[in-house]
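Shown next, in structure tokens, is the structure this report addresses.
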Amino acid sequence: MGKYDPLRDYLRRQKTDELELSFVEMERKIGYMLPKSASLPQWWASTADPATTQIQRRAWGDAGFDALLIAGADRVRFNRVKAPHPAH
Numbered sequence: 237m238g239k240y241d242p243l244r245d246y247l248r249r250q251k252t253d254e255l256e257l258s259f260v261e262m263e264r265k266i267g268y269m270l271p272k273s274a275s276l277p278q279w280w281a282s283t284a285d286p287a288t289t290q291i292q293r294r295a296w297g298d299a300g301f302d303a304l305l306i307a308g309a310d311r312v313r314f315n316r317v318k319a320p321h322p323a324h
């Protein structure tokens, strides 16, 4: 199981097309503290490449979401973009 799989699984279960999670909420789901780099927008920037090596991006991409850091709030907005990528 990958470090961010619990976040991916949580997002897959969501019925809404948009939701916000705080860093604390995500840390509770994954069981780890997010790295300091999570406070940077580029850590959350989505990629069109489904084979990305950024495991955190793959987690929400596989669930069919993009992520956007809400500046200064330690929160992230997830927006559904399409059907999830096939499981790896």
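Residue numbers (my numbering): 237 to 324.
Quick reminder that beta carbons are idealized off the backbone N, C-alpha and C, glycines included.
Here the structure is a predicted model, which means the values were calculated and not measured.
Legend entry - Cβ pair E254, N315 closer than 7 Å: yes
Legend entry - Three-state secondary structure (DSSP) of V317: coil
Legend entry - Counted within 10 angstroms of its Cβ, other Cβ atoms place M262 as buried (16 or more) or exposed: buried
Inset, instruction - Identify whether D298 lies in helix, strand or coil by the three-state DSSP scheme. - result: helix
Inset, instruction - Going by CA-CA distance only, name the one from W279, Q290, A295 that's closest to D310. - result: W279
Inset, instruction - Put A274 into one of helix, strand or coil per three-state DSSP. - result: helix
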